[in-house]
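Before any comments, here is the structure.
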Amino acid sequence: MLGESIQAGEPLAHGALADGGPAYLFFDIDGTLIWHDPDLEVSETVAKARPSDAVYQAFRTLTLRGHRTFICTGRPLCMVSDPLLELNPTGIICSGGACLYLDERIARDEAMPHDLLIRSVELISSCNADVMFEGTHNSVMLAARDSAADPIYPAPRAVDAAGMERVTDMRFNKICIPQPELEKLGPVRDELDACFDLFDLGGGAFEMTQRGVDKGYGVRGVLDHYGAGAENAFAFGDSGNDLPMSSAVDTFVAMGNALEPVKEVASFVTDRVQNDGVVRALLRLGLI
Numbered sequence: 005m006l007g008e009s010i011q012a013g014e015p016l017a018h019g020a021l022a023d024g025g026p027a028y029l030f031f032d033i034d035g036t037l038i039w040h041d042p043d044l045e046v047s048e049t050v051a052k053a054r055p056s057d058a059v060y061q062a063f064r065t066l067t068l069r070g071h072r073t074f075i076c077t078g079r080p081l082c083m084v085s086d087p088l089l090e091l092n093p094t095g096i097i098c099s100g101g102a103c104l105y106l107d108e109r110i111a112r113d114e115a116m117p118h119d120l121l122i123r124s125v126e127l128i129s130s131c132n133a134d135v136m137f138e139g140t141h142n143s144v145m146l147a148a149r150d151s152a153a154d155p156i157y158p159a160p161r162a163v164d165a166a167g168m169e170r171v172t173d174m175r176f177n178k179i180c181i182p183q184p185e186l187e188k189l190g191p192v193r194d195e196l197d198a199c200f201d202l203f204d205l206g207g208g209a210f211e212m213t214q215r216g217v218d219k220g221y222g223v224r225g226v227l228d229h230y231g232a233g234a235e236n237a238f239a240f241g242d243s244g245n246d247l248p249m250s251s252a253v254d255t256f257v258a259m260g261n262a263l264e265p266v267k268e269v270a271s272f273v274t275d276r277v278q279n280d281g282v283v284r285a286l287l288r289l290g291l292i
C-alpha cells in the first residue's frame with residue numbers, strides 16, 4: 005500500500021543533517037496528522053480520531069533513525085488523546101506553544117496572568133459571546149447568560165469569572181472562538197488585540213493566545229532545551245496557528261489542505277492529510 009502509492013520523489017538533500025545530529029520534527033495534529041471527517045462531531049474527532057497506519061510507521065522509523073519527534077498543537081495537554089500518544093513522540097508542545105511537555109514532565113506552562121484573564125472574561129461577557137477558555141489541565145465554556153449553545157467538546161459551562169473559578173483551576177493558556185462569536189467581539193477587539201494574537205484555524209474556528217506565545221515560541225523553547233538549532237528542524241502544518249513555526253525552523257512544510265497564507269510561506273507543499281501528506285513529505289526529505 006504505502007510502498008506502491010507513496011514515492012520518495014526527488015529528495016531535498018536533507019539525508020545528511022548539520023553536524024550529523026538528529027532531526028527535530030514538529031507536527032501539528034488537526035489537519036496535519038489527522039483528518040477531521042466533516043460527518044463527525046468535533047468532540048468525536050478530538051477524542052477518537054487516529055492517524056493513519058502509514059503515519060504510525062513513519063514515527064517508528066523516525067525514532068529508530070535517532071530523530072526526535074514532537075506534536076505541536078493548539079490543543080491543551082488534557083486533550084491530546086490516547087491515539088496521538090501512541091505515536092510515542094519525544095515531547096509535546098501544546099496550547100499553541102504555551103505548554104511544553106518534555107522528559108515526561110511539564111517543562112513550561114505559561115498561563116494568562118490573573119488580571120488579564122479577569123479582564124478578558126469581562127470584555128467577552130460584555131459582548132454576549134460564547135467562547136472556550138482552554139488550559140493544560142482543564143477547560144471551560146464562558147457562555148452568555150441567555151445562551152443555549154453547547155461546548156464544542158465536553159467541558160463545564162460558566163457565565164462569569166466566579167463561575168469559572170468554581171469549576172476550574174483558573175489557569176488558561178488560550179481562548180477558542182467560533183467565527184460567529186468572534187464577530188460579536190468587534191466592540192472590544194482593540195483591547196483584546198493589544199494582549200492577544202489571533203489565529204485562523206480554518207473551518208470557522210479561531211484562537212487567541214498571549215502576544216508572542218505561539219507555536220514558534222514553543223518550537224524555539226524545545227530547540228533551546230536540547231541545544232539544537234533551526235538548521236536541523238522541520239515543521240508541518242495547515243492552519244494559521246502553524247505559521248509562527250515557519251520562522252523557527254529551517255524547513256516548513258504545508259499540507260495540501262492548508263490555508264493559502266500557510267502555503268505561501270512553506271518550503272514546499274505536500275499532499276493533503278487524507279493522502280498521507282506528512283509521510284510523503286518525510287520521504288521527499290529523505291528522513292524515512
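Quick note, the numbering used here runs 4 ahead of the 1-based positions in the sequence shown. Don't be surprised by glycine CBs; every beta carbon is placed ideally from N, CA and C. Keep in mind that this is a model prediction, so the values were computed, not measured.
Nonlocal neighbours in the same chain, by C-beta distance under 6 Å from residue i, ignoring five residues either side
i: L186; result: F210
i: P93; result: T73, F74, I75
i: R64; result: none
i: A232; result: Y28
i: L189; result: C131, A133
i: W39; result: V277, Q278
i: T213; result: G100, K178, D201
i: A262; result: D242
Neighbourhood of residue i by C-beta, 8 Å cutoff - its chain only, sequence neighbours within 5 removed
i: G7; result: Residue confidence for G7 is low, a pLDDT of 38 falling below 50, so the modelled location carries little weight; the figure read from the coordinates is stated next. Hits under 8 Å: none found.
i: K267; result: A258, V273
i: R234; result: As written in the sequence, residue 234 is Ala, which differs from the Arg given in the question. The residues are L227, A252, V253, D254.
i: H71; result: P26, A27, Y28, L29, L291
Same chain only: Cβ atoms within 7 Å of residue i, ignoring 5 sequence neighbours per side
i: P182; result: G208, A209
i: F256; result: A239, M249, S250, V269, A270, S271
i: G281; result: M259, G260, T274, D275
i: R224; result: A252
i: P4; result: What the structure shows of the chain is the stretch from 5 to 292, and residue 4 is not part of that stretch, so it cannot be assessed.
i: L127; result: V192, E195, L196
i: F176; result: A115, M116, L121, F137, E138, G139
i: L247; result: P265, V266, V269
Through-space distance from residue j to residue i, alpha-carbon basis
i: L202; j: M174; result: 21 Å
i: L192; j: L121; result: Strictly speaking, residue 192 in this sequence is Val, with Leu absent from that position. Between V192 and L121, the C-alpha separation is close to 15 Å.
i: D197; j: S129; result: 16 Å
i: R69; j: G139; result: 34 Å
i: L21; j: N236; result: 6 Å
i: P80; j: L205; result: 15 Å
i: A285; j: R215; result: 31 Å
i: G24; j: Y230; result: 15 Å
i: E264; j: A270; result: 10 Å
i: L88; j: D119; result: 34 Å
i: D194; j: D150; result: 25 Å
i: F238; j: P55; result: 19 Å
i: T172; j: R161; result: 10 Å
i: G35; j: A53; result: 11 Å
i: G95; j: Y157; result: 24 Å
i: C293; j: A165; result: The first residue shown for the chain is 5 and the last is 292, placing residue 293 beyond what the model contains.
i: L106; j: A58; result: 25 Å
i: V283; j: G220; result: 22 Å
i: E108; j: R123; result: 34 Å
Short Cβ contact (8 Å threshold) for residue i with residue j
i: P155; j: M136; result: yes
i: F31; j: V253; result: no
i: P104; j: A115; result: Before going on, a small fix: residue 104 reads as Leu here, not Pro. Cβ distance not < 8 Å, so L104 and A115 don't count as in contact.
i: G222; j: I97; result: yes
i: A153; j: V163; result: no
i: D275; j: N245; result: no
i: K178; j: S85; result: no
i: I292; j: A62; result: yes
i: A159; j: M145; result: yes
i: L91; j: Y60; result: yes
Endpoints, the alpha helix (DSSP H) within which residue i is located
i: R281; result: Residue 281 is actually Gly in this sequence, not Arg. That run of the alpha helix (DSSP H) goes 281-288.
i: S250; result: Counting along the chain, S250 falls outside any alpha helix (DSSP H), and DSSP gives it neither H nor E.
i: I128; result: 118-130
i: V223; result: 219-230
i: E90; result: Per DSSP, E90 belongs to no alpha helix (DSSP H) and is neither H nor E.
i: L68; result: 57-68
8 Å contact criterion, which residue i and residue j should meet: CB distance rounded
i: I33; j: T77; result: 4 Å
i: N142; j: C82; result: 7 Å
Boundaries (first-last residue) of the beta strand (DSSP E) holding residue i
i: Y105; result: 103-106
i: Q214; result: 209-214
Minimum Cβ-Cβ distance from residue i to chain C less than 8 Å
i: G220; result: Checking the listed chains, one finds no chain C in this structure; it contains a single protein chain.
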